[in-house]
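Just below is one structure, and these are the notes that go with it.
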Amino acid sequence: MESSEINKNHITPMPWKKLIGAYVLLLCEAISTSSFFTYISPFIIFLGVTDKKEMVGYYAGFIASSFSAAQFLSSFFWGKMSDKLGRKPILIFGSIGSVVSLLCIGTSKSLVMLILSRSINGLLNGNIGVVKTYIGECTDKTNQIEAFGWVGLTWGLGSILGPSIGGLLADPVNNMSSVFGNSKLFTIFPFFLPNFVIAVLTLIGCVFTQLYMKETLGMKKSKTMVALNKMKTSPSTVHFSDKVETFEPINLSAGRFETSEEPKLYYVADNGDNENRDIKSILRNSANEINISNSSEYSIENSIETNSILTVGTVVLDENETEQMKNNLLNGVEKQHQKQQQQQQQQQQQQGIEKEDASNLKPSMSIFEDMALTDNNTHFLKRSYSKLKLKFFKSKNYKVLGKDSNDDDDTNEPITKGELEESTNIFKDKSIMKTVLIYAAVGFIFTMLDEVFPLWAFTEASNGGLSMTSGTVGVCGIIGGVSVICIQLFIIKPVTKKFGIVQAFVYGCSIAIFSFISYPLLNFVTPYELSSSVGQHLFFWLCVTIVIFIRNIGAQLIFTPIMTLINNSAKIAVRGSANGLGQSLVAATRTIAPTLGGTILSWSLTNRLYFPFNFFFVFILMSTLTIIPLITAKFFFPLSLNAPIDENDNNSESEENQIPTFE
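Residue numbers (full-length UniProt numbering): 1 to 663.
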């Protein structure tokens with residue numbers, strides 16, 4: 001009882017050495033994204049698409065949507081490739097894709113080229129989704145919230161640096177004439193400098209990732225899948241074979257010797273690196289019980305006579321342990337095989353039966369042939385089972401997911417992918433679907449705001465905007481980045497700890513509704529006249545700071561909890577799929593939001609209508625849409641989402657009773 005309480009209160013320290021590379025890449029992504037929106041309006045005017053500031057929103061929406069559309073098409077592909085090739089190479093390739101995109105943006109001479117350049121970034125860069133997967137693989141339930149909180153903090157820092165670079169370095173010939181006044185390059189390409197600087201930073205992040213980031217794909221590649229099927233061949237045969245490859249570390253607690261007539265399908269949860277080290281220790285000490293092949297990925301294979309078929313999964317070993325463990329295992333296997341041959345010879349001599357040649361066990365594929373279940377072999381099985389039970393069954397981490405068919409087919413088939421997918425269909429899980437759909441909804445709303453704000457702020461105050469320049473829009477981004485850092489450090493953790501993740505999300509939606517309505521009120525305090533006093537300017541920027549700070553409190557209380565809620569709604573077997581689905585849906589909504597937001601803003605600025613259809617309209621629309629996730633979380637999110645699904649304790653007693661013995 002005391003040990004369980006200690007385990008529950010124990011918080012795993014943040015694995016900074018593993019995560020620092022991921023956060024550096026996120027910082028580069030944040031800088032690239034936030035800088036672009038600070039100069040998109042003057043960029044469109046420079047290209048000659050339109051000379052009316054009120055019409056910029058139409059074209060800016062198409063540019064922003066092109067990136068999200070490309071990301072929607074490619075995100076699943078890059079996720080699948082990261083499962084095959086590893087997280088690290090995909091992240092590096094995505095960073096290089098960003099560099100190519102940035103250089104193309106800086107040298108764009110037409111609207112079509114600008115759209116294609118942004119699309120390149122979406123097609124070649126799937127880093128955000130892969131980074132989320134990487135962070136999840138490096139953390140556990142005790143430090144996952146903190147790790148995802150640093151995602152927001154890193155993005156906040158990027159939101160400071162990005163607008164600073166984009167706003168201050170855009171059009172350097174006019175903005176920094178004393179330094180670049182005679183530059184022909186920046187006269188032809190006035191927006192090349194900020195993109196070039198960000199490209200260099202991205203390359204630095206790419207090198208940093210190569211040097212310091214650790215690959216996690218091999219750490220989480222295999223899980224044990226155990227299937228007990230009836231068999232009507234020769235009586236009493238157990239085969240340790242037919243590995244089933246999944247994506248988590250193996251846990252041998254499910255590799256049990258069972259003779260139940262009722263076939264079951266077991267799924268084994270991930271216990272982390274410590275569990276793997278224990279498994280490897282058991283393998284070293286139990287070489288006579290396990291076979292080995294010459295691959296660095298070893299499957300447990302054996303054949304011993306009994307009633308059922310036991311299919312055990314794969315053990316993934318570190319490469320530096322391969323030769324040592326292989327030699328240990330082969331030595332134990334050969335000794336056991338020689339002992340078995342001697343026992344068979346003695347039995348044959350006593351019974352007067354002609355001795356048959358026993359097959360030799362090849363070192364490259366050491367597999368026991370079918371053996372008679374004698375008393376000695378029974379004792380061998382008991383000892384093997386006792387070791388596994390003593391080591392692993394004290395904290396079982398497997399879960400009964402379903403059952404195989406009870407037909408009488410004379411088949412000996414392992415678990416198929418179809419059977420696994422049928423038992424882990426995330427589209428039939430209501431909790432998962434609720435959380436990912438709400439994630440898509442809030443992503444849509446805040447993407448619309450991120451698109452609308454710089455366009456609206458760039459509009460003349462007499463038409464309902466704030467008469468800002470690209471530089472002052474960049475200052476707003478800096479204010480927002482500083483506020484995000486402060487909020488993550490001092491507000492998010494205390495609020496979620498006191499009220500729970502679900503209620504924190506509800507509070508975030510409520511605050512966001514209020515902040516959206518506050519934005520258009522800034523028009524009434526804008527010091528757009530040249531004769532405005534210093535006091536008026538200070539009061540205006542004080543109001544801007546307050547509105548941005550309130551907005552970011554709502555945003556951080558929405559996005560940090562919703563990322564955690566998606567993880568908490570899914571079991572370990574489908575957690576990656578749930579996060580992947582959420583990322584895809586957000587990309588889809590972000591394809592629509594910029595175009596829709598820019599179009600609505602342009603319409604509201606030019607329709608000559610009165611409140612609420614004037615410049616207030618788009619902000620009122622965002623506030624209204626935010627009511628949907630608020631109501632959903634308040635009344636339809638179960639409080640159980642405040643913690644991850646406990647896959648250890650739910651069936652502890654029933655699973656304990658299912659553990660067989662050899663008696």
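Every residue gets a Cβ at the ideal spot worked out from N, C-alpha and C, and that includes glycine.
Taking the alpha carbon of F446 as the point to measure from, which residue in F540, L521, A461 and A555 has its own alpha carbon closest? The residue with the shortest Cα to Cα distance from F446 is A555.
Just to check my reading of the structure: G477 and G156 have Cβ atoms closer than 8 angstroms, yes? What is that Cβ distance to the nearest angstrom? Separation of the CB atoms of G477 and G156 is rounded to 10 angstroms, and the pair is thereby denied contact status at 8 angstroms.
Flag this pair as yes or no: are the beta carbons of M64 and S119 separated by less than 7 angstroms? Residue identity differs from the one stated: residue 64 is Ala in this sequence, not Met. Using a Cβ distance threshold of 7 angstroms, A64 and S119 do not count as a contacting pair.
Under 7 angstroms Cβ to Cβ from T606, same chain only, skipping five residues before and after it: list those, please. The beta carbon of T606 lies closer than 7 angstroms to those of E54 in the same chain, with the five residues before and after it left out.
Any 3 or more C-beta pairs closer than 8 angstroms across the stretch 592 to 600 and the stretch 485 to 504: The stretch 592 to 600 is not in contact with the stretch 485 to 504.
Of the residues F46, F516, L168 and I501, the one placed nearest T624, counting alpha carbons only: Residue F516 holds the alpha-carbon nearest to the alpha-carbon of T624 among F46, F516, L168 and I501.
Taking S462 as the reference, give the member of V525, F93, T435 and L557 with the closest Cα. The candidate whose alpha carbon is nearest that of S462 is V525.
Inter-stretch contact (C-beta, 8 angstroms, three-pair minimum) for the stretch 70 to 86 and the stretch 579 to 588: Yes, the stretch 70 to 86 touches the stretch 579 to 588.
Let's see if you can read the secondary structure: which residues bound the alpha helix (DSSP H) around K434? Note, K434: alpha helix (DSSP H), K430 to F458.
Enclosing alpha helix (DSSP H) for Q210 [first to last residue]: Segment F192 to Y212, the alpha helix (DSSP H) holding Q210.
Contact between the stretch 93 to 111 and the stretch 144 to 154: three or more CB pairs below 8 angstroms? No: the two stretches stay apart, fewer than three of their Cβ pairs being nearer than 8 angstroms.
Determine whether the beta carbon atoms of G57 and L455 lie at a separation below 7 angstroms. Taking 7 angstroms as the cut-off, the Cβ atoms of G57 and L455 count as close.
Span of the alpha helix (DSSP H), counted from its first residue to its last, around R608: That residue, R608, is in no alpha helix (DSSP H); it is neither H nor E in DSSP.
Give a yes or no on whether the C-beta atoms belonging to T12 and T107 are separated by under 7 angstroms. No, Cβ-Cβ distance for T12 and T107 is not below 7 angstroms.
C206 to L25, Cα distance in whole Å? Looking at the two C-alpha atoms, the distance is approximately 7 angstroms.
Length-filtered (4 minimum) alpha helix (DSSP H) runs lying within the stretch 500 to 585: Here the runs fully enclosed are 501 to 518 and 534 to 569.
Residue environment, A587, which counts as buried when at least 16 other CB atoms sit within 10 Å: When all chains shown are included, A587 counts as buried.
Between the C-alpha atoms of V130 and V534, what's the straight-line distance to the nearest angstrom? Approximately 48 angstroms between the Cα atoms of the pair.
On the premise that G21 lies in contact with T209, defined as a C-beta separation below 8 angstroms, what is that separation, rounded to the nearest angstrom? The Cβ separation is near 5 angstroms, so the contact holds.
Take N642 and list the residues in its own chain whose beta-carbon comes closer than 8 angstroms to its own, dropping the five residues that flank it on each side. The beta carbon of N642 lies closer than 8 angstroms to those of G500, I501, V502 and N568 in the same chain, with the five residues before and after it left out.
Determine the closest residue to residue 727 out of L521, N614, T626 and N523, with distance taken between C-alpha atoms. In this structure the chain extends from 1 to 663, so residue 727 is not present and cannot be described.
State whether the stretch 429 to 440 contacts the stretch 601 to 621, with contact taken as three or more CB pairs (one from each stretch) at a distance under 8 angstroms. The stretch 429 to 440 makes no contact with the stretch 601 to 621: fewer than 3 CB pairs, one atom from each, lie closer than 8 angstroms.
Buried or exposed (CB count within 10 angstroms, at least 16 for buried), G158: Counting the other CB atoms within 10 Å of its CB gives G158 a total of 16 or more, which places it among the buried residues.
Would you call K18 buried or exposed, if buried means 16 or more other Cβ atoms sit within 10 Å of its Cβ? So K18 ends up on the buried side.
Just the C-alpha distance for L201 and V179, rounded to the nearest angstrom, thanks. So the two alpha carbons sit approximately 22 angstroms from each other.
For V618, tell me which candidate among N121, Y519, L538 and I558 has the shortest Cα-Cα distance. That would be Y519, whose Cα lies nearest to the Cα of V618.
Helix, strand or coil: which one does DSSP assign to E215? For E215, the secondary structure class from DSSP, reduced to helix, strand or coil, is coil.
For A441, the nearest candidate out of F189, A633 and Y39 (CA to CA): Closest by C-alpha distance to A441, out of F189, A633 and Y39, is A633.
S41 by DSSP, collapsed to three states: which one? DSSP places S41 in helix when its eight states are reduced to three.
Please identify the residue among G61, F62, T33 and Y59 whose C-alpha is closest to the C-alpha of N127. Nearest option by C-alpha distance: T33.
Who are the near neighbours of V506 in its chain, counting only those whose CB is closer than 8 angstroms to its CB and skipping five residues on each side? Excluding positions up to five away in sequence, the list reads L630, A633 and K634.
Name the residue from G465, N523, F514 and S640 whose alpha carbon lies nearest to the alpha carbon of N552. Of all alpha-carbon atoms in G465, N523, F514 and S640, the one lying nearest the alpha-carbon of N552 is that of F514.
Of the residues K109, V151, A199 and S164, which one's Cα is nearest the Cα of P190? It is K109 whose Cα lies nearest to the Cα of P190.
Through-space distance from I426 to M81, alpha-carbon basis: Per the coordinates, the alpha-carbon of M81 lies some 21 angstroms from the alpha-carbon of I426.
Work out the CA separation of S467 and N614 for me, nearest whole Å. Spanning the two alpha carbons is a distance of roughly 17 angstroms.
Count the other CB atoms, across all protein chains shown, that sit within 10 Å of the CB of F636; report buried if there are 16 or more and exposed otherwise. With fewer than 16 other Cβ atoms within 10 Å, it is exposed.
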